[in-house]
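Contents: one structure, followed by commentary.
In structure tokens:
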């Protein structure tokens with residue numbers, strides 16, 4: 311399907327152009343103008359993504375809204391864009407989250423406000439480019455370029471140890487990407503094409519597949535992040551401003567898991583099947599071990615950061631348990647359920663983790679502390695905020711009726727078709743997730759007012775209520791009615807299962 315308008319190009323470049331316009335209004339006296347341009351650009355970008363959903367053909371797995379122009383003809387590199395049932399929801403999530411981040415920074419950011427807004431807008435376009443790219447060089451350019459605005463966001467507007475956090479974040483993610491670049495160049499040398507779909511159709515022997523899979527694993531595992539290359543994330547979250555933490559958790563972590571389904575599994579299906587035990591093991595370590603790490607955190611941001619790592623372990627588990635399901639039962643439907651559950655978890659986690667970090671940001675703006683010990687009895691002075699925080703905490707723990715339950719339930723259900731013990735270990739997240747989330751909520755929200763600072767807290771203003779209310783509706787809607795999202799995925803996921811079950815050897 312090809313769009314009459316270059317819709318994907320508009321969605322990618324509208325926020326980037328908006329970011330440049332914001333930079334032109336960077337004088338202190340132009341702060342209000344810069345904010346209005348940023349909000350307008352982010353809203354327009356989100357509105358442009360809506361036709362991607364309303365005009366999406368549910369009956370086909372083929373790429374839709376395709377754009378293809380020659381970029382660097384010498385190396386057969388093209389400006390090739392398109393979306394399917396996996397990438398399109400992630401583009402909507404990215405544009406939606408950016409609007410909320412712009413609104414969240416409206417009154418909070420005082421220092422270099424225009425540059426702050428511009429960084430998020432430019433990063434919005436670059437992240438959408440990652441999900442829309444169908445040429446691997448274009449993908450790589452967007453993948454690397456988005457590190458720059460996030461590096462600046464943490465490094466300029468971050469906490470006391472922001473320089474350490476930014477350098478660690480940049481080095482981990484950049485060095486991991488080098489392995490991906492080597493794999494892409496090797497495949498180009500064999501096929502003469504940098505097209506992602508052409509790479510998926512390549513015939514590769516087992517040794518080639520294994521090396522390519524491991525190269526992609528290093529790149530994508532760092533971004534997810536998977537254990538044991540996860541240590542950059544808590545530092546980045548703690549030092550990042552609230553908006554940076556929201557984008558990190560809601561969008562950037564999803565790029566690693568997106569890479570697995572766009573590159574690793576269809577390009578190297580035999581290696582993926584051969585090494586599925588490794589991926590399942592690493593995923594379960596993330597689900598179980600990292601949940602225990604979250605239990606002992608004293609900093610709310612660090613707790614939610616470790617919670618994100620644990621929840622993303624569910625996503626990789628849902629992807630790679632499919633091979634065991636097919637081997638044990640031959641159930642293609644069960645395999646598709648695992649992948650769909652993982653994809654729903656990606657979208658759900660975007661809503662819930664973003665909401666949790668925004669809640670912590672609301673408290674930090676008033677108290678300038680993220681330590682659990684500095685709070686207590688917040689519900690007495692901020693009852694509306696307390697209700698929102700408890701709701702999002704319940705969703706984070708996988709409460710039925712919220713989006714947090716849907717993805718986890720589908721992954722656990724599909725895991726039972728693979729192996730009882732895999733499903734059992736995965737299901738422990740429902741206990742551990744409730745444990746560390748309720749531990750935090752009990753000490754922060756409930757009880758008597760802990761100190762004078764808590765006693766002076768004021769409840770949500772209209773701006774904060776709008777942001778948290780919007781996310782609350784999204785969490786409830788996806789939890790009670792996941793069909794609109796699942797329907798979009800069916801054709802693409804079924805085709806992916808066919809791809810990964812057809813041996814290239």
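Numbering (our numbering), first residue to last: 311 to 815. Note that beta-carbon positions come from the ideal geometry of N, C-alpha and C, so glycine has one too. Model, not experiment: these values are computed from the prediction.
The residues 608 and 753, in chain order, have a CB closer than 8 Å to that of residue 683 in the same chain once the five nearest residues on each side in sequence are set aside. In its chain, beyond the 5 residues on either side, 377 and 391 have a beta carbon closer than 8 Å to the beta carbon of residue 319. If you look at residue 392, you'll find it in the beta strand (DSSP E) that goes 387-393.
One Cα belongs to residue 526, the other to residue 497, and the distance between them is close to 12 Å. The C-alpha of residue 630 is placed about 23 Å away from the C-alpha of residue 615.
Around the Cβ of residue 380, a 10 Å sphere holds fewer than 16 other Cβ atoms; the residue is exposed. In this model, residue 488 and residue 807 are separated by some 28 Å (Cα to Cα).
Using a C-beta cut-off of 8 Å, the stretch 424-431 makes contact with the stretch 341-360, since at least three inter-stretch Cβ pairs fall below that distance.
Three or more Cβ pairs closer than 8 Å define a contact, and the stretch 550-565 falls short of that threshold against the stretch 500-514. In this structure, the straight-line span from the alpha carbon of residue 440 to that of residue 364 is close to 21 Å. The beta carbons of residue 482 and residue 537 sit about 13 Å from each other, so the pair does not count as a contact at 8 Å.
Approximately 14 Å separates the beta-carbon atoms of residue 560 and residue 463; this is outside 8 Å, ruling out the contact.
Apart from sequence neighbours up to five positions away, the residues of its chain that approach residue 705 with a beta-carbon distance below 6 Å are 662, 712, 714 and 785, ordered along the chain.
DSSP places residue 374 inside the beta strand (DSSP E), whose first and last residues are 374-382. When the beta-carbon positions are compared, residue 416 and residue 533 stay at least 8 Å from each other. Separation of residue 738 and residue 655 (C-alpha to C-alpha, rounded to the nearest whole angstrom) is 16 Å.
Take the alpha-carbon of residue 592 and the one of residue 333: they are about 43 Å apart.
Taking C-beta atoms as the reference points, residue 645 and residue 636 count as a pair closer than 8 Å. In this structure residue 566 is in contact with residue 530, their Cβ atoms being roughly 4 Å apart against a cut-off of 8 Å.
Beta-bridge pairing by DSSP links residue 566 to no other residue. Remark: three or more beta-carbon pairs, one from each stretch, lie closer than 8 Å, so the stretch 685-698 and the stretch 662-676 are flagged as touching. The beta carbon of residue 473 sits closer than 7 Å to the beta carbons of 465 from its chain, once the five residues preceding and following it are set aside; these are given in chain order.
Rounded to whole angstroms, the Cβ separation of residue 359 and residue 405 is 5 Å, and the two are in contact under 8 Å. DSSP, read as helix, strand or coil, puts residue 505 in strand.
Residue 322 and residue 660 have their C-alpha atoms roughly 20 Å apart.
The three-state secondary structure of residue 443, taken from DSSP, is strand. If you check the CB distance, residue 699 and residue 783 do not come in under 8 Å. Boundaries of the alpha helix (DSSP H) around residue 772: 772-790. In this structure, residue 409 keeps its C-beta atom at 8 Å or more from the C-beta atom of residue 401.
Note that the C-beta distance between residue 582 and residue 604 is not below 8 Å. The secondary-structure analysis by DSSP pairs residue 681 across a beta bridge with 609.
The C-beta separation of residue 563 from residue 622 comes to about 6 Å, placing the pair in contact by the 8 Å criterion. Taking a C-beta distance under 8 Å as the contact criterion, residue 781 and residue 664 qualify as a contact pair. CA-to-CA, the gap between residue 451 and residue 325 works out to about 17 Å.
Beyond the five residues adjoining it in sequence on each side, residue 343 comes within less than 8 Å, by CB distance, of 335 in the same chain, given in chain order.
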